[in-house]
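When you read off a place in the sequence shown, starting at 1, and then add 3, the result is the number in my numbering.
Backbone N, C-alpha and C fix where the C-beta goes; we use that ideal spot for every residue, glycine too.
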Amino acid sequence: MMTIRLLLIILFITQTNGKNQKTFSPIENSRPIIGILTQPASSIWQTSNRTTYLAASYVKYVESTGAQVVPIRMYQPIDYYLHLFNSLNG
């Protein structure tokens with residue numbers, strides 16, 4: 004009788020061991036995603052494919068808080084902004 008109880012206890016422990024633990028997906032990200040608006044580039048720095056810039060100091064400041072930075076590019080269609088703003092935390 005004692006061995007049956009012991010087997011039932013061991014079976015119960017092994018069956019419930021991982022059910023109370025939260026499993027983390029490798030894709031899950033707990034860091035907030037913050038968007039920073041780019042600025043128009045000076046005429047000295049502008050080229051055909053470079054019309055805006057994002058100061059590195061802004062990026063470093065936000066990253067120092069633990070957040071990820073996403074540049075919000077200027078002169079884009081409204082669909083770009085709608086998609087981006089629905090994907091950002093701030």
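Identify, in the order they occur along the chain, each residue of the same chain with its Cβ nearer than 7 Å to the Cβ of residue i, setting aside the five sequence neighbours on each side.
| i | result |
| --- | --- |
| V72 | I37, I39, V62, V65 and E66 |
| T41 | T55, Y56, L57, P74, I75, R76 and M77 |
| R53 | A44 |
| T6 | none |
Does DSSP put residue i in a helix, in a strand, or in coil?
| i | result |
| --- | --- |
| T50 | strand |
Bridge partners for residue i per DSSP, in chain order?
| i | result |
| --- | --- |
| Q42 | Y56 |
Out of curiosity, what's the CA-to-CA distance linking residue i and residue j?
| i | j | result |
| --- | --- | --- |
| S60 | P35 | 18 Å |
| P43 | F88 | 20 Å |
| T50 | A70 | 30 Å |
| L85 | Q79 | 11 Å |
| S46 | L91 | 30 Å |
Within a Cβ cutoff of 6 Å, which residues of the same chain sit near residue i, ignoring the five residues on either side of it in sequence?
| i | result |
| --- | --- |
| R8 | none |
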